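These notes are about the structure you will find just below.
There are 2 protein chains.
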Amino acid sequence: MRLSTKGRYAVTAMLDLALQGGEGPVTLAEISETQGISLSYLEQLFACLRGKNLVRGVRGPGGGYYLGRTAENISIADIICAVDEWVEFTRCGGKKDCKDGKRCLTHNLWDDLSNEIFNFLGSITLAQLIERGGLKEEGCISEQDHDTPTLMPTSRTEAA
Amino acid sequence: MRLSTKGRYAVTAMLDLALQGGEGPVTLAEISETQGISLSYLEQLFACLRGKNLVRGVRGPGGGYYLGRTAENISIADIICAVDEWVEFTRCGGKKDCKDGKRCLTHNLWDDLSNEIFNFLGSITLAQLIERGGLKEEGCISEQDHDTPTLMPTSRTEAA
DNA sequence: TTATAACCAAGCAGTTAAGTAGGAAATAGC
DNA sequence: GCTATTTCCTACTTAACTGCTTGGTTATAA
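Just so you know, the sequences run in chain order W and V. When we follow the numbering used here, the leftmost residue of the first sequence carries the number 215, and every step to the right adds one. When we follow the numbering used here, the leftmost residue of the second sequence carries the number 215, and every step to the right adds one.
Structure below.
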């Protein structure tokens, strides 16, 4: 799993789109202005997002972008995977040509963890983020008071 | 939160160390050999890990590395944060000099998500990973038999 | 004394990030 | 049809980062 600033830009832009996308399409120029991301870079990101049907572009004057599906059906993992291409790393080249079991075991453990992270991000939707964030919106200060059971991973973590 | 291949290397190395660190220290040369990571790169990673007291080095012949604490007390977030320095990104420069509330709101949402990911990774310890992974060790194949409905842990290979 | 292995620092090739530049194609309003 | 708008597309650029190499220095067990 790659989680870089590129993915952050994409999530930020999608959040912006979801927030103000109620009536009519949102132009990239607006997002660029609001979020401080260069227009051309946004275009590149949205080319990726469009390729995965996460957004839908409307050309011409009055055009812009819509969400490709409802915010309830777009997960953070969807967004990040669209722009940060998943690099299928080592895991012994996909085959089991490890010299001994140790290397392969370690890679398996990492693979499991990687899937865990992926599933976790896949369980968070744009709608959830917005709904949850809206509750603490007053004051524009992010106070991280964390007793939030709603977004925590499903109970696969501690047992198998 | 940054989650790059650098962090993956660090987690892999720490897993290796935890796995074979029962009796005596483990040399970086062994980890390098087993995991296929260059020795010098390991040295750089372990310099970071040592700085955060996640490992303890013993010089001289017969030397090597121990875990800095028990595997139960080392989380994945600890490891990743040690090598992938947390970049405290935008959030409007830490202050609330947003032009309007929108930008700030989006940043807050990202901040929340970022904390969520961090807490998630912080809730997984090396010991948990190993204990859980050991159960499905037979065959050296990571079988993702999670019953995740919407998520596709396998479909990212064909997403290209 | 010597071999071992952690420590340290400078630098390098390749990749990626993020942005720039300059368009082409679609479309609403005139 | 013309024009402005806005998506869409391609190529290039600068800076940063990754992963690795080289060449050391210390500490220490034998």
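Every residue gets a Cβ at the ideal spot worked out from N, C-alpha and C, and that includes glycine. Source: prediction; values computed, not measured.
Item, Value
"CB-CB length for leucine 253 of chain W against leucine 263 of chain W, believed under 8 Å", "That pair is no contact at about 15 Å."
"Cβ contact (3+ pairs, closer than 8 Å) linking the stretch 318-330 of chain V and the stretch 221-234 of chain W", "yes"
"Start and end residues, beta strand (DSSP E) containing arginine 270 of chain W", "269-272"
"Buried or exposed (CB count within 10 angstroms, at least 16 for buried), glycine 221 of chain W", "buried"
"Assigned secondary structure, threonine 284 of chain V (DSSP; H/G/I helix, E/B strand, else coil)", "coil"
"Residues of its chain near alanine 224 of chain W, where Cβ-Cβ distance is below 6 Å and the 5 sequence neighbours each way are ignored", "Leu259, Ile293, Val297"
"Interface residues of chain V facing phenylalanine 334 of chain W [CB-CB closer than 8 Å]", "Ile331, Phe334"
"Alpha carbon of tyrosine 279 of chain V to alpha carbon of leucine 319 of chain W, nearest angstrom", "20 Å"
"Residues bridged to tyrosine 279 of chain W (per DSSP)", "W:Val240, W:Gly271"
"Contact list for isoleucine 293 of chain V against chain W, beta-carbon separation under 8 Å", "Here the premise fails: no neighbours, minimum Cβ distance about 11 Å."
"Glutamate 257 of chain V versus threonine 339 of chain W - alpha carbon distance", "39 Å"
"Burial state of glycine 276 of chain V, where buried means 16 or more other Cβ atoms lie within 10 Å", "exposed"
"Contact check, alanine 291 of chain V vs leucine 335 of chain V, beta carbons under 7 Å", "yes"
"Close-in-space but distant-in-sequence residues of the same chain around threonine 284 of chain W (CB under 8 Å, 5 per side omitted)", "Ala341"
"Which listed residue (V:Leu217, V:Gly238, V:Gly250, V:Val240) has its alpha carbon closest to that of histidine 321 of chain W", "V:Gly250"
"C-beta neighbour in chain V for threonine 320 of chain W, strict 7 Å", "yes"
"Secondary structure of serine 252 of chain V, DSSP reduced to three states", "coil"
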